[in-house]
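Following: one structure in structure tokens, then a few remarks.
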Amino acid sequence: MLDIWHETVPIRYGSIDRSDRLTLGSVFSFFQEAAISHAADLGVGRDAMATTGQGWILSRLSLFIERRPAYGETIRVSTWPRRWDKLLALRDYEIRDAENAVAVRGRAGWLVLDIEKRRPLRAQAVMENLPSNDGIDAFPAGPAGLTTRENLAKKMERAALYSDIDYYGHANNARYIQWIQDATDMDVLTDANQIRLDINYLSEVLPGETVELWTAPLAGTGPSTEENAADYPQSEGPGFAYEGRRPDSGQAVFRAELRTGK
Numbered sequence: 337m338l339d340i341w342h343e344t345v346p347i348r349y350g351s352i353d354r355s356d357r358l359t360l361g362s363v364f365s366f367f368q369e370a371a372i373s374h375a376a377d378l379g380v381g382r383d384a385m386a387t388t389g390q391g392w393i394l395s396r397l398s399l400f401i402e403r404r405p406a407y408g409e410t411i412r413v414s415t416w417p418r419r420w421d422k423l424l425a426l427r428d429y430e431i432r433d434a435e436n437a438v439a440v441r442g443r444a445g446w447l448v449l450d451i452e453k454r455r456p457l458r459a460q461a462v463m464e465n466l467p468s469n470d471g472i473d474a475f476p477a478g479p480a481g482l483t484t485r486e487n488l489a490k491k492m493e494r495a496a497l498y499s500d501i502d503y504y505g506h507a508n509n510a511r512y513i514q515w516i517q518d519a520t521d522m523d524v525l526t527d528a529n530q531i532r533l534d535i536n537y538l539s540e541v542l543p544g545e546t547v548e549l550w551t552a553p554l555a556g557t558g559p560s561t562e563e564n565a566a567d568y569p570q571s572e573g574p575g576f577a578y579e580g581r582r583p584d585s586g587q588a589v590f591r592a593e594l595r596t597g598k
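All residue numbers for the sequence shown refer to the numbering used here, where the first residue is 337 and numbers rise by one.
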């Protein structure tokens, strides 16, 4: 078993935008695939967890793109577990370039889910048997719990269709990032040299369900409920709050905050 998992991959055409650089959604996909592979190596992957009726569900993620690697660059994606915080199993992520400089870093909070009951279980029971990697921090604090922002305006709607649905029968967490990208002005993301994203997943979206995306500009540089703001990397630039809602009830299915920098 490897305490820290590494994958070396090239930046291919499907991972870039018109600026010729890595997109936010592609970063998220690299993180997700590396975490899945590492969990399997540690004996807590999808198939092993299924034997006890359990699975991994992403609850929160914070990431900061310090530099966007360009098409043709080779990067090293790394990930490792970082103990637990109440119900959340913490996992760190990092992307380094060919010169070993950090390009992206992040931290996620995963839930151990009872698949049949759709209820979270105690993460400690799983995490206490995994490497703790104490002192190896990509982010110095855990993902923040985001509160709803005021003055949000409806931007668009998305239905959860075939390409959105994953193995567990709900919209994959990576698809939410695609929705956020599509709800953001194209030039803001294309021109950004740095990108900071915080996202909280609040409720699963099932096949055929429609999600309304609401958004508003942000003032300031820190997530709305961040307790250790001084310890978090920030982007000085345009910021936006997002909330995905069910059309019938107005229930929030996710909240996110995105900031960009030059």
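Beta carbons: idealized from backbone N, C-alpha and C, even for Gly. Since we're looking at a predicted model, the values are computed, not measured.
Practice prompt. Quickly, what does DSSP pair D421 with across the bridge? List them, please.
Written response: D421 is bridged to L424.
Worksheet item: First and last residue of the beta strand (DSSP E) that includes V448?
Response: V438 to D450
Discussion item. For R348 and G408, what's the separation of their Cα atoms in angstroms?
Written reply: 6 Å
Discussion item. By the DSSP assignment, the beta strand (DSSP E) with E493 in it spans what residues?
Written reply: A489 to A495
Practice prompt. Taking H374 as the reference, give the member of M337, L447 and L482 with the closest Cα.
Written response: M337
Worksheet entry | Supposed close pair R485, L549 - CB separation, criterion 8 Å | Rounded, the Cβ-Cβ distance is 13 Å, inconsistent with contact.
Practice prompt. Determine the closest residue to R427 out of L457, E452 and N469, with distance taken between C-alpha atoms.
Written response: N469
Worksheet item: Given a threshold of 16 other Cβ atoms within 10 Å of its Cβ, counted over all protein chains shown, does M463 qualify as buried or as exposed?
Response: buried
Discussion item. Taking 7 Å as the limit between beta carbons, can you name the residues of its chain near I513, skipping five residues before and five after?
Written reply: L360, G361 and F364
Item to complete: Classify V380 as helix, strand or coil using the three-state DSSP reduction.
Response: coil
Worksheet item: Excluding five sequence neighbours on each side, which residues of the same chain lie with their C-beta closer than 6 Å to the C-beta of I531?
Response: L360, I401 and T596
Worksheet entry | Distance between R404 and Y578 (C-alpha atoms, nearest Å) | Looking at the two C-alpha atoms, the distance is approximately 23 Å.
Fill in: Residues bridged to I531 (per DSSP)
I401 and T596
Worksheet entry | Reference G381, options P417, P346 and R412, closest by Cα | From the listed residues P417, P346 and R412, the smallest Cα separation to G381 is found for P417.
Item to complete: State the Cα-Cα distance for the pair D567 and P476, rounded to the nearest angstrom.
Response: Summary for D567: the model assigns pLDDT 47, below 50, so the residue's position carries little reliability; its value from the coordinates is reported in the next sentence. Their backbone Cα atoms lie some 6 Å apart in a straight line.
Worksheet item: Below 8 Å between beta carbons: does that hold for I431 and F366?
Response: yes
Practice prompt. Classify E545 as helix, strand or coil using the three-state DSSP reduction.
Written response: coil
Fill in: The alpha helix (DSSP H) enclosing A474, as first and last residue numbers
Taken as a continuous stretch (DSSP letters only), A474 belongs to no alpha helix (DSSP H), as it is neither H nor E.
Worksheet item: Which same chain residues, not among the five before or five after G573, have their C-beta less than 8 Å away from its C-beta?
Response: A528, Q530, R595, T596, G597 and K598
Discussion item. According to DSSP, H342 sits in a beta bridge with which residue or residues?
Written reply: S414
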